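One rule links them: number in this note's numbering = place in the sequence shown (from 1) + 2.
All remarks here apply to the structure that follows.
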Amino acid sequence: MSATDEVIPSARRLVRSLRDMGYDFTTAVADLVDNSLEAEATVVIIDVEFEGDESWVRIIDNGRGMTEDELVEAMRYGSDREYNEQSLGKFGLGLKTASMSQCQSLTVASRTDPDNPDIVARCWDFEHIENTDKWEVIRIKMEDLDPAIRSPLEKTTGTVVFWQKLDRILGYKHPYGEMARKRLATMCRDLEEHLAMVFHKFLLGEIPKRQFKIILNGNEVKGWDPFARNEPKTQNLPPNRIECVHENVTGEVILQPYILPPQDDFSTREAWEKASGPKKWNQQQGFYVYRNGRMIQSGGWSRLRTQDEHTKLARIALSFSPVLDEAFKINVSKMRVYLPSQIREEIENEVGSIARIARLTYDRRSKQTSIGSKDWSKQPASSTMVSPAPIQNREQPVSKPLTEIKRLVETPEHIPPTVAESDEIREYHPGVSNSSGRLWTLDQLMEKINEIAEPDELPVIVRVFHRLRDNLDIAG
Numbered sequence: 003m004s005a006t007d008e009v010i011p012s013a014r015r016l017v018r019s020l021r022d023m024g025y026d027f028t029t030a031v032a033d034l035v036d037n038s039l040e041a042e043a044t045v046v047i048i049d050v051e052f053e054g055d056e057s058w059v060r061i062i063d064n065g066r067g068m069t070e071d072e073l074v075e076a077m078r079y080g081s082d083r084e085y086n087e088q089s090l091g092k093f094g095l096g097l098k099t100a101s102m103s104q105c106q107s108l109t110v111a112s113r114t115d116p117d118n119p120d121i122v123a124r125c126w127d128f129e130h131i132e133n134t135d136k137w138e139v140i141r142i143k144m145e146d147l148d149p150a151i152r153s154p155l156e157k158t159t160g161t162v163v164f165w166q167k168l169d170r171i172l173g174y175k176h177p178y179g180e181m182a183r184k185r186l187a188t189m190c191r192d193l194e195e196h197l198a199m200v201f202h203k204f205l206l207g208e209i210p211k212r213q214f215k216i217i218l219n220g221n222e223v224k225g226w227d228p229f230a231r232n233e234p235k236t237q238n239l240p241p242n243r244i245e246c247v248h249e250n251v252t253g254e255v256i257l258q259p260y261i262l263p264p265q266d267d268f269s270t271r272e273a274w275e276k277a278s279g280p281k282k283w284n285q286q287q288g289f290y291v292y293r294n295g296r297m298i299q300s301g302g303w304s305r306l307r308t309q310d311e312h313t314k315l316a317r318i319a320l321s322f323s324p325v326l327d328e329a330f331k332i333n334v335s336k337m338r339v340y341l342p343s344q345i346r347e348e349i350e351n352e353v354g355s356i357a358r359i360a361r362l363t364y365d366r367r368s369k370q371t372s373i374g375s376k377d378w379s380k381q382p383a384s385s386t387m388v389s390p391a392p393i394q395n396r397e398q399p400v401s402k403p404l405t406e407i408k409r410l411v412e413t414p415e416h417i418p419p420t421v422a423e424s425d426e427i428r429e430y431h432p433g434v435s436n437s438s439g440r441l442w443t444l445d446q447l448m449e450k451i452n453e454i455a456e457p458d459e460l461p462v463i464v465r466v467f468h469r470l471r472d473n474l475d476i477a478g
């Protein structure tokens, strides 16, 4: 066997580089909430304290906690632990990279035994790393812990993550100024919106046995449902299950489309404004990607199409199992995914059908608005957040009988076919001429049905037409 040399990377240079992994304040905190969920916490408390240079951020959970050995391993960059299919973590980097992207001092304290008050603690300190260039965490005795770290663990098991030296959050030019205080307040509002969105399935009790609460600066974070499923006129379209095979691993991808109501069809102005989301209507259209119930991507069409005012009502929940992490190219910060090439075309076809329904819904409301619209001034708007009622999936009733579609075929009002279309029809029906009745191409028939069908009828019609076209192609 050849001789080897162990090449240990420079702690100073690598940690400095790892501070720029793409996190911002909201995504960094969300990564730590993932850890709390992994620890079976039912409550996560986040406190942000503004005190100039002494400002701090604290994340407390009431999970199972860690032993000293487990804590030391958790503080390792690339911690050596097994992740199962239900895990929200993946690389063993999140705690460190997320935290150090925002601060220069990360302290983690934990208590695992409810009958033993002992607390173990370790600290990554950027200044210490710069001075020593070593991968060393600082041991902190229980009696030396800051009361803000020690007190939450005096009565319960759990873990406290404590950020100090918030250089990336405050920017150290004027950490005591009014601008710094306002900036931190704005970041807290953004954090509330982000957590309400990313963890909405957990906060609303949609994940069995994994419901929990998030308390931010004393206020409970309410889950934000991006699909407005409590609105009576939200269209819950049929789901589509797609099998994806990647490097001999097979997993299932589930597409669940929704068409949100136009503005005038929302029950209240407040409900419409809330449904607009953190990025507002146009930016919130598209895919909402979930891994084990945790949202990774919010909005955007993943380069399948551009954002369009006429399709802003379309939102699609895309869920996949962690066995497909490699196919979706999940990164450390869990903020963006890429659609696997092997199912991209199938998803694109589905998106095209959904976009047509969204456009029709939008266009119809636009035409009706020219006649008369709801007077929002008579709708009382509340300035407080309203806790959503239990989620109920609603299937819209068919409001236009399918016999009307049949009559369209029997006695239509037509637009004459092109010469090419007429020739194509005669190839399939050589004994029939236009004098005996109008012949329709599938595209013309679909266009006409689009004009008269209700939005809730279109998903079924579109699927039938796809199958019909495929069968005709095979027969031909």
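Just so you know, even glycine gets a beta-carbon here, dropped at the ideal spot from N, CA and C.
Only a predicted model underlies this, so the values are computations on that prediction, with no experimental measurement involved.
Express the C-alpha separation of P116 and T158 in angstroms, rounding to a whole number.
Your numbering for residue 158 matches position 156 in the sequence shown. Your numbering for residue 116 matches position 114 in the sequence shown. Whole-angstrom Cα-Cα distance: 6 Å.
Just tell me which of V74, S300, R113 has its CA closest to the CA of L320.
To locate residue 320, count along the sequence shown from 1; it is residue 318. Checking every option, the nearest Cα to that of L320 belongs to S300.
Touching or not, the segment 100–115 and the segment 123–136, by the rule of three or more beta carbon pairs under 8 Å?
Touching, yes.
Going by the DSSP bridge assignment, what does S300 pair with across the sheet?
For the purposes of this step, residue 300 is taken as the residue at position 298 of the sequence shown. Per DSSP, Y290.
Which value, in whole angstroms, describes the spacing of the CA atoms of G288 and G354?
Residue mapping note: residue 288 aligns to position 286 of the sequence shown, counting from 1. Residue mapping note: residue 354 aligns to position 352 of the sequence shown, counting from 1. Approximately 12 Å, taken between the alpha carbons.
For the beta strand (DSSP E) containing A246, list its first residue and its last residue.
Within the sequence shown, residue 246 is the residue found at index 244, counting from 1. In the sequence on display, residue 246 carries Cys and not Ala. Unbroken beta strand (DSSP E) run through C246: 242–248.
Does DSSP put R307 in a helix, in a strand, or in coil?
For the purposes of this step, residue 307 is taken as the residue at position 305 of the sequence shown. Residue state, collapsed to three classes: coil.
Look at G160 and P228 and say whether their C-beta atoms are less than 8 Å apart.
As a first step, residue 160 is located in the sequence shown; it is residue number 158 there, counting from the start. As a first step, residue 228 is located in the sequence shown; it is residue number 226 there, counting from the start. No; because the gap between Cβ atoms is not below 8 Å, this pair is not in contact.
Considering just the uninterrupted stretch of the alpha helix (DSSP H) at V109, what are its terminal residues?
Looking up residue 109 in the sequence shown gives position 107. Note on residue identity: the sequence assigns Thr, not Val, to residue 109. Per DSSP, T109 belongs to no alpha helix (DSSP H); it is in the beta strand (DSSP E), 107–113.
On the three-state DSSP scale, how would you describe N37?
Reading the sequence shown from its first residue, position 35 is the one you call residue 37. Of the three classes helix, strand and coil, the one that applies to N37 here is helix, per DSSP.
Am I right that I261 and A316 are in contact with their C-beta atoms under 8 Å? What's the rounded C-beta distance?
On the sequence shown, residue 261 is found 259 positions in, with the first residue counted as 1. On the sequence shown, residue 316 is found 314 positions in, with the first residue counted as 1. Correct: roughly 6 Å between the Cβ atoms.
Would you mind listing the beta strand (DSSP E) stretches within the segment 203–280 that are 3+ residues and don't spill past its ends, in chain order?
Counting whole runs of 3 or more residues, the segment 203–280 contains the beta strand (DSSP E) stretches 215–218, 242–248, 251–261.
Alpha carbons only, please: which of R14, W303, K282 is nearest the one belonging to N133?
Position 131 of the sequence shown, counting from 1, holds the residue named residue 133. For N133, the nearest C-alpha among the options comes from R14.
Please look up how many angstroms separate the CB atoms of I48 and L218, rounded, as I've assumed it's under 8 Å.
Working through the sequence shown from its first residue, we reach residue 48 at position 46. Working through the sequence shown from its first residue, we reach residue 218 at position 216. Confirmed, about 5 Å.
From L206 to P263, what distance separates their C-alpha atoms?
Here residue 206 corresponds to residue number 204 of the sequence shown, with the count starting at 1. Here residue 263 corresponds to residue number 261 of the sequence shown, with the count starting at 1. Cα-Cα distance, rounded: 22 Å.
If you compare alpha carbons, which of R66, E72, E70, G96 is closest to G80?
The count along the sequence shown starts at 1 and reaches residue 80 at position 78. Of the listed residues, the one whose Cα sits closest to G80 is G96.
Nearest CA to the CA of R113: which residue from T236, E195, I62, E208?
Indexing the sequence shown from 1 puts residue 113 at position 111. Selected option, being the one with the closest Cα: I62.
Which ranges does the alpha helix (DSSP H) cover as unbroken runs of at least 4 residues, wholly within the segment 23–67, from first to last along the chain?
Qualifying alpha helix (DSSP H) stretches, in chain order: 27–40.
K136 to F204, Cα distance in whole Å?
Residue 136 sits at position 134 when you count from the first residue of the sequence shown. Residue 204 sits at position 202 when you count from the first residue of the sequence shown. Going from the Cα of K136 to the Cα of F204 covers about 39 Å.
Can you name, in chain order, every residue of its own chain whose Cβ lies under 6 Å from the Cβ of Q285, other than the five neighbours on each side?
For the purposes of this step, residue 285 is taken as residue 283 along the sequence shown, with counting starting at 1. If we look at Q285 and ignore the five residues flanking it on each side, its Cβ neighbours are G301.
For H312 and C125, what's the separation of their Cα atoms in angstroms?
Taking the sequence shown and counting its residues from 1, one reaches residue 312 at position 310. Taking the sequence shown and counting its residues from 1, one reaches residue 125 at position 123. The straight-line gap from Cα to Cα measures roughly 51 Å.
Which residues mark the beginning and the end of the beta strand (DSSP E) in which F330 is found?
Along the sequence shown, read from residue 1 onward, the residue named residue 330 stands at position 328. It is not in any beta strand (DSSP E) - F330 instead sits in the alpha helix (DSSP H) that spans 327–330.
Relative to the C-alpha of N242, which residue among Q258, M448, G179 is closest?
In the sequence shown, counting from the first residue as 1, residue 242 sits at position 240. When each option's Cα is compared against that of N242, the closest is Q258.
For T6, name the three-state secondary structure that DSSP assigns.
The residue labelled residue 6 in the question sits at position 4 within the sequence shown. Coil, per DSSP.
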